[in-house]
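Colleague: First residue of the sequence shown? That's 24 in the working numbering, and the numbers climb one at a time after it. Using N, Cα and C, we set each Cβ at its ideal position, and we do this for glycine too. Note that the structure is a prediction, hence the values are computed from the model and not measured.
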Amino acid sequence: MIDFLLAYITLTLFGMVFLGIYGVVTRSNLIKKIIMLNVLGDAVNMLFILIGYRLVFPVFPPIYEEHLSFEEFLSRAVDPVPQALVLTAIVIGMAMNILLTTYAIQFYRLHGTVDARDIAEIMGGENE
């Protein structure tokens with residue numbers, strides 16, 4: 024049952040990754056692109072958490088205690104590296120979302136559009 028559940032979660036997360044990539048590539052609205060980037064980032068973060076998951080019970084935090092043998096600790100402790108990477112990715116993703124949303128709002132204020140094709144025409148016309 025656990026194997027089926029983990030396979031289902033993994034396939035769902037890979038589907039979300041492909042959905043995020045598809046949305047970023049095919050959508051022309053900047054707000055939709057930002058939303059798809061959020062979906063993509065959250066799916067990748069969940070995949071990293073899934074990598075650090077242990078299928079044994081009970082699972083220990085990665086803090087060594089004296090009453091455990093070292094072999095038992097290594098076999099049952101959760102890997103802290105994916106957790107640290109996800110925490111860092113969350114902070115960077117939040118900063119990226121704020122920056123991209125600010126750019127989209129400011130571009131809408133100045134030019135009245137958030138369509139990527141219109142933005143390309145506007146930016147291409149200013150360079151000439």
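Which term fits M24, buried or exposed, when burial requires 16 or more other beta carbons within 10 angstroms of its beta carbon?
Modeller: Start at 1 with the first residue of the sequence shown, and residue 24 comes out as number 1. So M24 counts as exposed.
Colleague: Please state whether the Cβ-Cβ distance between P105 and I86 is less than 8 Å.
Modeller: Numbered from 1 along the sequence shown, position 82 holds the residue referred to as residue 105. Numbered from 1 along the sequence shown, position 63 holds the residue referred to as residue 86. For P105 and I86, no; Cβs fall outside 8 Å.
Colleague: Mark G147 as exposed unless 16 or more other C-beta atoms lie within 10 angstroms of its C-beta, in which case mark it buried.
Modeller: Along the sequence shown, read from residue 1 onward, the residue named residue 147 stands at position 124. Answer is exposed; the Cβ neighbour count stays below 16.
Colleague: Need the endpoints of the alpha helix (DSSP H) that M69 sits in, please.
Modeller: Residue mapping note: residue 69 aligns to position 46 of the sequence shown, counting from 1. Taken as a continuous stretch (DSSP letters only), the alpha helix (DSSP H) holding M69 covers L53 to I74.
Colleague: At 4 residues or longer, and completely inside the segment 78-107: list those alpha helix (DSSP H) runs for me, N to C.
Modeller: Runs of the alpha helix (DSSP H) inside the segment 78-107: 93-99.
Colleague: According to the Cβ coordinates, are M59 and R50 closer than 8 Å?
Modeller: Locating residue 59 in the sequence shown gives position 36, where the first residue counts as 1. Locating residue 50 in the sequence shown gives position 27, where the first residue counts as 1. Against a cut-off of 8 Å, the Cβ pair of R50 and M59 comes out as a contact.
Colleague: Out of L53, F80 and F96, point me to the one whose CA is closest to Q129's CA.
Modeller: Counted from its first residue, the sequence shown places residue 129 at position 106. Q129 has its Cα closest to that of L53, out of L53, F80 and F96.
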